[in-house]
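These notes concern the structure reproduced below.
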Amino acid sequence: MTNYTPKPEHKFTFGLWTVGNTGRDPFGGPVRDAKSPADLVRLLGEVGAYGVNFHDNDLIPIDATPTEKDAILKEFKKALAETGIVVPMATTNLFTEPIFKDGAFTSNDSKVRAYALQKTMNAIDLGVELGAKIYVFWGGREGTETDATKNPITAIKRSREAMNFLCEYVKDKKYDLKFALEAKPNEPRGDIYNSTTGHMLAFINTLDHPEMVGVNPEVAHEHMAGLNFVHGVAQAMESGKLFHIDLNDQAFGRYDQDFRFGAVNLKSAFFLVKMLEDNKYDSSRHFDAHAYRTEDYEGVKDFARGCMRTYLILKEKAAHWNADKEIQSIVAEINADDGSMNQYFGKYSAEKAKALQGQVFDRSAIAGRGLKYEKLDQLTVEILLGAR
Ligand code: GCO
Ligand code: MN
Ligand code: MN
Numbered sequence: 057m058t059n060y061t062p063k064p065e066h067k068f069t070f071g072l073w074t075v076g077n078t079g080r081d082p083f084g085g086p087v088r089d090a091k092s093p094a095d096l097v098r099l100l101g102e103v104g105a106y107g108v109n110f111h112d113n114d115l116i117p118i119d120a121t122p123t124e125k126d127a128i129l130k131e132f133k134k135a136l137a138e139t140g141i142v143v144p145m146a147t148t149n150l151f152t153e154p155i156f157k158d159g160a161f162t163s164n165d166s167k168v169r170a171y172a173l174q175k176t177m178n179a180i181d182l183g184v185e186l187g188a189k190i191y192v193f194w195g196g197r198e199g200t201e202t203d204a205t206k207n208p209i210t211a212i213k214r215s216r217e218a219m220n221f222l223c224e225y226v227k228d229k230k231y232d233l234k235f236a237l238e239a240k241p242n243e244p245r246g247d248i249y250n251s252t253t254g255h256m257l258a259f260i261n262t263l264d265h266p267e268m269v270g271v272n273p274e275v276a277h278e279h280m281a282g283l284n285f286v287h288g289v290a291q292a293m294e295s296g297k298l299f300h301i302d303l304n305d306q307a308f309g310r311y312d313q314d315f316r317f318g319a320v321n322l323k324s325a326f327f328l329v330k331m332l333e334d335n336k337y338d339s340s341r342h343f344d345a346h347a348y349r350t351e352d353y354e355g356v357k358d359f360a361r362g363c364m365r366t367y368l369i370l371k372e373k374a375a376h377w378n379a380d381k382e383i384q385s386i387v388a389e390i391n392a393d394d395g396s397m398n399q400y401f402g403k404y405s406a407e408k409a410k411a412l413q414g415q416v417f418d419r420s421a422i423a424g425r426g427l428k429y430e431k432l433d434q435l436t437v438e439i440l441l442g443a444r
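Numbered according to the working numbering, the sequence shown spans residues 57 to 444.
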């Protein structure tokens with residue numbers, strides 16, 4: 057297999073804000089002209105993506121009149137029909153407008169909290185109208201620069217209240233929609249609440265309808281927190297909560313970079329793709345990234361094609377790893393089990409505990425066995441480098 061053409065079954069998606077990113081950063085203005093949502097859909101069609109996601113205001117500017125809204129929607133739907141691009145996910149912008157300068161659902165100001173709920177209900181309606189089945193919540197400015205300003209326990213309670221309200225809204229409207237919560241440790245605030253995927257997973261279990269809510273982990277966000285992304289995603293998958301994923305890349309210790317998938321940490325990207333594919337992950341593979349500021353729109357296409365191509369190359373490498381006889385024989389050896397301990401595992405009983413307390417272990421014989429992890433890791437690197 058050396059065909060890296062993206063296909064609908066891969067569910068590769070991009071946000072309007074990703075390929076539409078105009079290259080603005082805190083030190084400089086835009087370097088690319090803004091394109092209309094419909095033109096961005098056409099760009100995605102050209103590079104072979106499956107879907108497009110949006111924040112409410114990526115599609116409909118916040119001050120648009122009803123007539124303007126209708127015209128934009130008409131044009132957008134036309135581009136979707138022309139290209140076959142679908143809308144699997146939508147989200148709300150709760151961070152750009154000055155009203156959100158101190159957060160949205162966690163703001164100390166009840167008017168801001170109420171407006172955030174209103175804006176999100178309207179945005180949910182818009183997302184559902186366009187076919188979205190997943191609704192993402194990213195905290196944006198839900199955080200602080202100093203804990204003198206907000207009670208963090210109150211902030212948790214307010215976040216819960218907002219999620220519970222919005223779950224009920226979705227049920228009331230009978231929408232076929234699930235929520236995916238996205239954690240980020242910092243940027244734009246110094247500290248954002250529920251800062252990692254693990255925090256989100258714990259929070260979800262405290263909601264009124266936890267079955268409607270999962271996570272949307274992002275590579276860059278866990279790396280910004282210095283964490284192992286693959287492990288965070290594993291926890292989400294193992295608990296049936298991986299509803300969506302934001303793929304990009306990020307050097308540890310740097311600002312929020314949003315690089316092309318696989319641009320920095322190839323080995324970690326490999327283990328991620330392998331885990332997603334081995335476990336038949338079946339939701340969107342969303343690239344939440346953007347092209348370098350040096351690029352024009354041809355470069356934006358190179359960026360988008362690069363994200364998908366790297367994913368497919370890594371998928372091929374994962375299949376290669378799974379089929380490699382030497383690798384598999386080490387994996388089998390590492391996991392070999394003579395069954396002699398089976399009697400102690402499984403459900404607890406007092407007899408089992410007693411028998412286990414009486415078992416004699418030859419610690420030095422057990423510890424003396426080399427595990428061949430050096431060899432296994434080197435073989436993995438050689439697959440990645442194309443030497444195998
Ligand atoms: C970021 C976030 C956002 C969210 C988006 C969807 O770092 O800015 O990753 O891109 O994913 O707002 O909720
Ligand atoms: Mn991000
Ligand atoms: Mn994201």
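For each residue, glycine too, the CB sits at the ideal point set by N, CA and C.
The Cβ atoms of Ile-301 and Lys-373 lie no closer than 9 angstroms to each other.
Phe-285 sits away from Ser-339, with the two beta carbons spaced by 9 angstroms or more. Under the three-state reduction of DSSP output, Thr-210 falls in the helix class. A distance criterion of 8 angstroms places the beta-carbon of Asp-302 in contact range of ligand 1, judged by its closest non-hydrogen atom. Residue list for ligand 1: Thr-147, Val-192, Trp-194 and Asp-344 (CB closer than 5 angstroms to any heavy atom, chain order).
For His-265, the distance from the CB to the nearest heavy atom of ligand 2 is not below 8 angstroms. Checking the 8 angstroms criterion, the Cβ of Glu-243 is out of range of every heavy atom belonging to ligand 3. Taking the C-beta atoms as reference points, Val-275 is found no nearer than 9 angstroms to Asn-242.
At the C-beta level, Gly-71 and Asp-344 come within 9 angstroms of one another. Here Leu-303 is bridged, per DSSP, to Phe-343. Note that the region 165 to 175 does not touch the region 100 to 107; fewer than 3 beta-carbon pairs, one per stretch, sit closer than 8 angstroms.
For Glu-65, the three-state secondary structure derived from DSSP is helix.
Following the DSSP letters along the chain, one finds Ala-379 inside the alpha helix (DSSP H) bounded by residues 353 to 379. Under the DSSP assignment, Lys-330 falls in the alpha helix (DSSP H) whose first and last residues are 322 to 334. Residue range 166 to 185 is occupied by the alpha helix (DSSP H) that includes Thr-176.
If you look at Gly-288, you'll find it in the alpha helix (DSSP H) that goes 285 to 294. The closest heavy atom of ligand 3 lies 8 angstroms or more from the beta carbon of Glu-438. The region 219 to 237 makes contact with the region 190 to 200; the number of CB pairs closer than 8 angstroms reaches 3 or more. In the three-state scheme derived from DSSP, where H, G and I count as helix and E and B as strand, Ile-118 is classed as coil. Straight-line spacing of the CA atoms in Phe-417 and Ala-392 works out to 18 angstroms. Proximity of the beta carbon of His-277 to ligand 3 is indicated: a heavy atom of the ligand is located closer than 8 angstroms. Annotation for Glu-238 indicates a beta carbon within 8 angstroms of some heavy atom of ligand 3.
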